[in-house]
Ligand code: GLC
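The structure is reproduced here in structure tokens:
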């Protein structure tokens, strides 16, 4: 890519991060997502660091200001109560029913992937001697450990080293076909469902969003959490949806690794993290690998069975350095084959499946933060050629279609489009693209 083009993209990315900056934190995009989201903030912080390291730090500080007593970092932090265009808003979640939730800021009652450990290590690698950053990392370190402890204490009832989610939104891949069968099994009388009105359909095309059937089940699980005042043990007893997700666990393991390295550098005790880690890596590799599909898959704890779909979360195992060379090679080859078949990397769902939909939310499109993580994972195994495709595909899509939330994965279709999908001026797209553009190596 020419320097001028690259500079234009960077200027645009910086503009978006400025636009979405709200006095201490960044919203993913206006209207559709007008608050602070958990894992979005992690990626955004990486992007911000290239332009305003002080903001990158503040971003994470704001997020952690919403941490609950039990260690959970909620998936949404509602710093403002004025924004009415979102459902479910703070008044629907009512986090105050849990006595361990901070009074302010208000928040949701579920979590999202724990990216923050590897995010802060990424920042530290970029600015290894920055005093302000070092000071910040030392102060946030125990809070991130507390967050990880939440997962291993409350979300791993059998103490096997794998944590579960009780709501699809916790996985970050809200509408993936992965959850379909488990959601289909949830049955209830319509009068058990609190009244609600979707807002997303007023802001984005219904063809890109979850169906009403799915939305009812999202609300049902939310209401279940609230009924039990978000008490984790009670939710575990009753929730019909309990899944050990690949991405959730891989991200946690990758962050554990980062915390161990950071802890050693700054003299923190890392024994507890090492203990989680020794079990988690092994069990992930044993329990979640599927030989027929040649990938890692989720596990439904209510059905006691693997969820048999080939899907993008399995590839984040690379980021956590879980697979041996042989398994890693299978993941790598699969991506190269997709590239040969005319897909941008990395489609979020199995392109051969009847459930694949290249336009609809998490059922096939390309997601920028996924490319960022898979790029880093492939690099760890020295699959540089595939890593470069993953990186340059994202940059090409952004260059051609703009800084959207997600993108068409079929090349033949993407060339006919003028825009990406979902929200525009999207923070993690700007952040991940900027970070990849500014890499010292390649491109
Ligand atoms: C959607 C995504 C989720 C993201 C949020 C804000 O809900 O599925 O991963 O955190 O939007 O961008």
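Numbering (my numbering), first residue to last: 1070 to 1512. We put the CB at the ideal spot given by N, CA and C, even for glycine.
Going down the chain, each residue whose beta-carbon is closer than 5 Å to a heavy atom of the ligand GLC shows up: 1097, 1102, 1106, 1109, 1241, 1243. In the three-state scheme derived from DSSP, where H, G and I count as helix and E and B as strand, residue 1369 is classed as strand. Beyond the five residues adjoining it in sequence on each side, residue 1462 comes within less than 6 Å, by CB distance, of 1413, 1414 in the same chain, given in chain order. C-alpha of residue 1093 to C-alpha of residue 1323: approximately 27 Å in a straight line. For residue 1205, the closest of 1309, 1179, 1123 by C-alpha to C-alpha distance is 1123. Burial is judged here by how many other beta carbons sit within 10 angstroms of a residue's own beta carbon; residue 1140 has at least 16 and is buried. DSSP places residue 1147 inside the beta strand (DSSP E), whose first and last residues are 1145-1147.
The C-beta separation of residue 1472 from residue 1096 comes to about 14 Å, leaving the pair out of contact by the 8 Å criterion. Minimum Cα-Cα distance from residue 1479 among the listed residues 1447, 1459, 1428 corresponds to 1428.
Contact between residue 1137 and residue 1158 is absent: CB atoms are separated by about 19 Å, not below the 8 Å threshold.
Secondary structure remark: continuous beta strand (DSSP E) runs of at least 3 residues inside the stretch 1445-1474: none found. Under the criterion of beta carbons closer than 8 Å, residue 1278 and residue 1431 do not qualify as touching, at roughly 10 Å. A direct Cα-to-Cα measurement between residue 1310 and residue 1236 gives close to 7 Å.
Residue burial annotation: residue 1335 is exposed, with fewer than 16 other C-beta atoms found within 10 angstroms of its C-beta. For residue 1502, the number of other beta carbons within 10 angstroms of its own is at least 16, and it is reported as buried.
The C-beta separation of residue 1426 from residue 1378 comes to about 13 Å, leaving the pair out of contact by the 8 Å criterion. Residue 1106 is bridged by DSSP to 1145.
Residue 1391 is positioned such that its CB atom lies closer than 8 Å to that of residue 1319. Just measuring C-alpha positions, the residue of 1280, 1256, 1496 sitting nearest residue 1267 is 1280.
If only uninterrupted alpha helix (DSSP H) runs of at least 4 residues are considered, those enclosed by the stretch 1373-1411 are 1394-1409. The shortest CA-to-CA distance from residue 1495 to any of 1070, 1076, 1088 is the one to 1088. The alpha-carbon of residue 1286 is positioned some 19 Å away from that of residue 1301. Counted as a single uninterrupted DSSP element, the alpha helix (DSSP H) harbouring residue 1269 occupies residues 1269-1272.
Take residue 1164, set aside five residues on each side of it, and the residues of its chain with a beta-carbon closer than 6 Å to its own are 1170, 1175, 1176, 1178, in chain order. Leaving aside the five residues that flank residue 1456 on each side, the residues in its chain whose CB is nearer than 6 Å to its CB run, in chain order, 1444, 1447, 1448. Comparing alpha carbon positions, the residue from 1423, 1490, 1451, 1404 closest to residue 1459 is 1404.
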